[in-house]
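Participant: I am attaching a structure below and will ask some questions about it afterwards.
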Amino acid sequence: MNSTMRKLIQKAEEYYLFVSVKPPIVMERGKGMFLYDVAGKRYLDFIGGWAVNCLGHCYPAITRALKCQAGKLINASPSLYNRPQIEFAELLVKQTCMDKVFFLSTGAEANEGAIKLARKYGSKHKNGAYEIITTRNSFHGRTLATMAATGKEQWKTLFAPGMPGFVHVDFNDLRAVKQNMTEQTIAVMIEPVQGEGGAVPASMDYIRGLRKLCDEKGILLIFDEIQTGYGRTGKFFAYQYFGVEPDIMTLGKGIGGGFPLAALLAKDKFCVFEKGEQGGTYTGQPLAMSVGLAVLKEMLDRNISAHVEKMGFYLKSKLEILENKGLIENSRGLGLLQAFDLKKSTGEEVLKKALKKGLILNSPRPQTIRLIPPLIVEKKHIDEMISILATTLPGGLL
Ligand SMILES: Cc1ncc(COP(=O)(O)O)c(C=O)c1O
Numbered sequence: 010m011n012s013t014m015r016k017l018i019q020k021a022e023e024y025y026l027f028v029s030v031k032p033p034i035v036m037e038r039g040k041g042m043f044l045y046d047v048a049g050k051r052y053l054d055f056i057g058g059w060a061v062n063c064l065g066h067c068y069p070a071i072t073r074a075l076k077c078q079a080g081k082l083i084n085a086s087p088s089l090y091n092r093p094q095i096e097f098a099e100l101l102v103k104q105t106c107m108d109k110v111f112f113l114s115t116g117a118e119a120n121e122g123a124i125k126l127a128r129k130y131g132s133k134h135k136n137g138a139y140e141i142i143t144t145r146n147s148f149h150g151r152t153l154a155t156m157a158a159t160g161k162e163q164w165k166t167l168f169a170p171g172m173p174g175f176v177h178v179d180f181n182d183l184r185a186v187k188q189n190m191t192e193q194t195i196a197v198m199i200e201p202v203q204g205e206g207g208a209v210p211a212s213m214d215y216i217r218g219l220r221k222l223c224d225e226k227g228i229l230l231i232f233d234e235i236q237t238g239y240g241r242t243g244k245f246f247a248y249q250y251f252g253v254e255p256d257i258m259t260l261g262k263g264i265g266g267g268f269p270l271a272a273l274l275a276k277d278k279f280c281v282f283e284k285g286e287q288g289g290t291y292t293g294q295p296l297a298m299s300v301g302l303a304v305l306k307e308m309l310d311r312n313i314s315a316h317v318e319k320m321g322f323y324l325k326s327k328l329e330i331l332e333n334k335g336l337i338e339n340s341r342g343l344g345l346l347q348a349f350d351l352k353k354s355t356g357e358e359v360l361k362k363a364l365k366k367g368l369i370l371n372s373p374r375p376q377t378i379r380l381i382p383p384l385i386v387e388k389k390h391i392d393e394m395i396s397i398l399a400t401t402l403p404g405g406l407l
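Just so we're aligned, residue 10 is where the sequence shown starts under the numbering used here, counting upward by one.
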């Protein structure tokens with residue numbers, strides 16, 4: 010470790026509030042698929058800020074939009090419209106099966122909005138029904154309501170008392186949803202591919218069955234597409250892959266290409282907020298809106314989803330080779346949201362070894378490695394990742 014890095018890490022330990030163990034590295038800049046630390050070392054980025062930097066690092070159109078908007082208007086007021094907000098809203102809504110959008114800053118906030126909207130619909134049209142069925146191993150955010158929605162056993166008692174109104178069932182188990190529906194149920198909320206849960210896709214029958222069930226009972230189907238949206242699965246939205254339209258959809262991560270931005274979208278019938286019931290200081294903030302607009306235009310112009318589909322197949326074929334050699338197990342996922350299991354719970358060790366060799370990976374569970382690179386990834390990056398990864402696996406020198 011060089012002396013600049015050592016000093017910065019010491020300061021971080023002294024002043025930065027502890028929430029998680031981080032490697033002793035300080036990042037300074039990024040370009041495309043790569044990050045560079047303060048010592049100038051290059052890292053191939055296969056987590057993209059946790060599935061956020063869809064266009065890679067410092068993508069010119071994003072930097073341009075930020076510079077240009079910063080010189081015009083950084084913040085107006087959430088009580089006033091601004092030009093990029095309206096242009097972005099129109100372009101985004103037109104890409105979806107939804108009628109309206111509301112912009113926020115983080116995925117958790119967007120999901121809070123979805124939960125509020127569902128509860129409001131329940132109070133207006135379903136005799137006060139408020140319960141939302143979500144799934145085990147799901148992830149919906151870190152606010153108190155979205156923690157309660159998340160299907161992590163250990164979160165049920167963390168920061169108790171938790172928010173009531175959520176029922177957790179096994180993912181991909183339609184019967185369990187049916188069995189847990191009551192007079193109080195107002196919605197089913199799922200990730201079409203569980204992201205933090207380890208890139209586990211829903212089955213076609215499950216998603217289609219959920220749609221049918223929700224229609225029969227007159228309750229809402231909410232898709233949390235914060236990780237699966239914006240081309241990640243090889244379709245612009247994962248609901249298109251399943252051929253099923255949700256009633257409410259949330260977006261985050263890729264929508265801002267690295268800038269804090271999220272969205273709550275709904276069909277007209279479910280847009281039931283009344284005056285003053287939803288808001289926030291940074292909702293529809295001009296800088297975020299101009300970035301969002303630039304990201305979306307770029308994603309569409311470059312037809313990123315088609316590229317993701319191709320690269321997803323390529324990545325899958327490479328993981329299959331490692332799996333056939335017995336080095337990894339259960340490779341799975343859709344598009345560029347893929348994961349595999351290790352033979353043992355050695356995720357942290359694999360991460361450390363890879364980092365030393367200039368590769369950034371993610372291990373959402375001790376035995377699982379998840380691959381969520383920027384969507385601009387090319388074959389040569391996948392080849393480089395696989396050859397480094399192989400050296401971190403026991404017996405994996407190719
Ligand atoms: C599916 C899903 N929903 C919600 C969130 C929360 O988003 P944020 O961290 O922006 O609040 C995440 C973040 O990982 C996610 O993957």
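Don't be surprised by glycine CBs; every beta carbon is placed ideally from N, CA and C.
#1: Under 6 Å Cβ to Cβ from V209, same chain only, skipping five residues before and after it: list those, please.
#2: For F168, count the other beta carbons within 10 Å of its own beta carbon; 16 or more makes it buried, fewer makes it exposed. Which is it?
#3: Hey, which unbroken runs of the beta strand (DSSP E) at 3 residues or more fall wholly within the stretch 53 to 121?
#4: Return helix, strand or coil for L407, following the three-state DSSP convention.
#5: May I have the straight-line CA-CA distance separating M14 from E338, to the nearest angstrom?
#6: With DSSP run on the structure shown, which of helix, strand or coil describes K40?
#7: Distance check for T144 and F282, CA to CA, integer angstroms please.
#8: Is it true that the CB of G267 sits closer than 8 Å to the CB of E118?
#9: DSSP puts H177 in a beta bridge; with which residues?
#10: Which class does P295 belong to by DSSP, given the choice of helix, strand or coil?
#11: By the DSSP assignment, the beta strand (DSSP E) with Q347 in it spans what residues?
#12: Smallest Cα separation from N181: which of P173, T159, M213 and A157?
#13: In this structure, does DSSP put Y215 in helix, strand or coil?
#14: By the three-class DSSP mapping on this structure, what secondary structure does V253 have?
#15: Rounded to the nearest angstrom, what separates C280 and Q78 at their Cα positions?
#16: Who are the Cβ neighbours of E286 in its own chain at under 8 Å, not counting the five residues just before and after it?
#17: CB of N120 to nearest heavy atom of ligand 1: below 7 Å?
#18: So, with DSSP's three-state summary, where would you put S354?
#19: Quick one: is the Cβ of F232 within less than 7 Å of any heavy atom of ligand 1?
#20: Pull up the distance between the alpha-carbon of V359 and that of R379, whole angstroms please.
#21: Can you find at least 3 beta carbon pairs, one from the stretch 231 to 247 and one from the stretch 80 to 88, that sit closer than 8 Å?
#22: Who pairs with P3 in a beta bridge, going by DSSP?
#23: Under a Cβ-count criterion, where at least 16 other Cβ atoms within 10 Å of its own Cβ denotes burial, should N312 be classed as buried or exposed?
#24: Hey, is E200 close to ligand 1, as in C-beta under 7 Å from one of its heavy atoms?
#25: L324 to V30, Cα distance in whole Å?
#26: Which word fits Y215, buried or exposed, when buried means at least 16 other C-beta atoms lie within 10 angstroms of its C-beta?
#27: Fully enclosed by the stretch 355 to 397, which alpha helix (DSSP H) runs are 4 residues long or longer?
#28: Do the stretch 155 to 174 and the stretch 291 to 306 meet, that is, are 3 or more Cβ pairs less than 8 Å apart?
#29: Just reading off the beta strand (DSSP E) that A271 is part of, what are its end residues?
#30: Would you identify the three-state DSSP class for T13, choosing helix, strand or coil?
#31: Taking 7 Å as the cut-off, is the C-beta of R15 nearer than that to any heavy atom in ligand 1?
#32: Among the residues of its own chain, which have a CB less than 8 Å from the CB of K362, if the five just before and after it don't count?
#33: Going by the C-beta, is H149 closer than 7 Å to any heavy atom of ligand 1?
#34: I'd like to check one pair, I395 with K366: are the Cβ atoms closer than 8 Å?
#35: Please check the pair L230 and D256, which I expect to be a contact at CB under 8 Å, by giving their CB distance rounded to whole angstroms.
#36: When the Cα atoms are used, what is the spatial distance from F112 to S132?
Facilitator: According to the structure data:
#1: Taken in chain order, the residues that qualify are Q203.
#2: Per the 10 Å Cβ criterion, exposed.
#3: Fully enclosed beta strand (DSSP E) runs of 3 or longer: 109 to 113.
#4: Residue placement at L407 is poorly supported in this model, since its pLDDT is 49, which falls under 50; the coordinates are not used for a value here.
#5: M14 and E338: Cα-Cα distance of roughly 37 Å.
#6: Under the three-state reduction of DSSP, K40 is assigned to strand.
#7: Computed Cα separation, rounded: 26 Å.
#8: Their beta carbons are not under 8 Å apart, which means E118 does not touch G267 by this criterion.
#9: H177 is bridged by DSSP to T143.
#10: The answer is helix: DSSP assigns P295 an H, G or I state.
#11: Taken as a continuous stretch (DSSP letters only), the beta strand (DSSP E) holding Q347 covers L346 to D350.
#12: Cα-wise, what sits closest to N181 is M213.
#13: Three-state DSSP puts Y215 in a helix.
#14: The three-state secondary structure of V253, taken from DSSP, is coil.
#15: Answer to the nearest angstrom: the Cα atoms are 30 Å apart.
#16: Answer for E286: K125 and K129, listed in chain order.
#17: Yes, the beta carbon of N120 sits closer than 7 Å to at least one heavy atom of ligand 1.
#18: Coil at S354, not helix or strand.
#19: No; taking the cut-off as 7 Å, the Cβ of F232 has no heavy atom of ligand 1 nearer than that.
#20: Spanning the two alpha carbons is a distance of roughly 12 Å.
#21: Contact fails between the stretch 231 to 247 and the stretch 80 to 88, because fewer than three Cβ pairs, one in each stretch, are under 8 Å apart.
#22: One cannot answer for residue 3 here, as it falls past the ends of the chain, which runs 10 to 407.
#23: Exposed is the call here.
#24: Under cutoff, so the answer is yes.
#25: Rounded to the nearest angstrom, the two C-alpha atoms are 29 Å apart.
#26: Flag for Y215 reads buried.
#27: Positions of the alpha helix (DSSP H) runs, each at least 4 residues long and wholly inside the stretch 355 to 397, are given as 356 to 365 in order along the chain.
#28: Fewer than three Cβ pairs drawn from the stretch 155 to 174 and the stretch 291 to 306 lie within less than 8 Å of each other, which leaves the two stretches out of contact.
#29: Membership of A271 in the beta strand (DSSP E) is indicated by the continuous run A271 to A275.
#30: Helix, per DSSP.
#31: Incorrect: R15 has no Cβ contact closer than 7 Å to ligand 1.
#32: Around K362, the same chain offers T400 and T401 as residues with beta carbons nearer than 8 Å, after the five sequence neighbours per side are excluded.
#33: At least one heavy atom of ligand 1 is nearer than 7 Å to the Cβ of H149, so yes.
#34: Contact flag unset, no.
#35: Contact between L230 and D256 is confirmed by a C-beta separation of about 5 Å, below the 8 Å threshold.
#36: About 24 Å.
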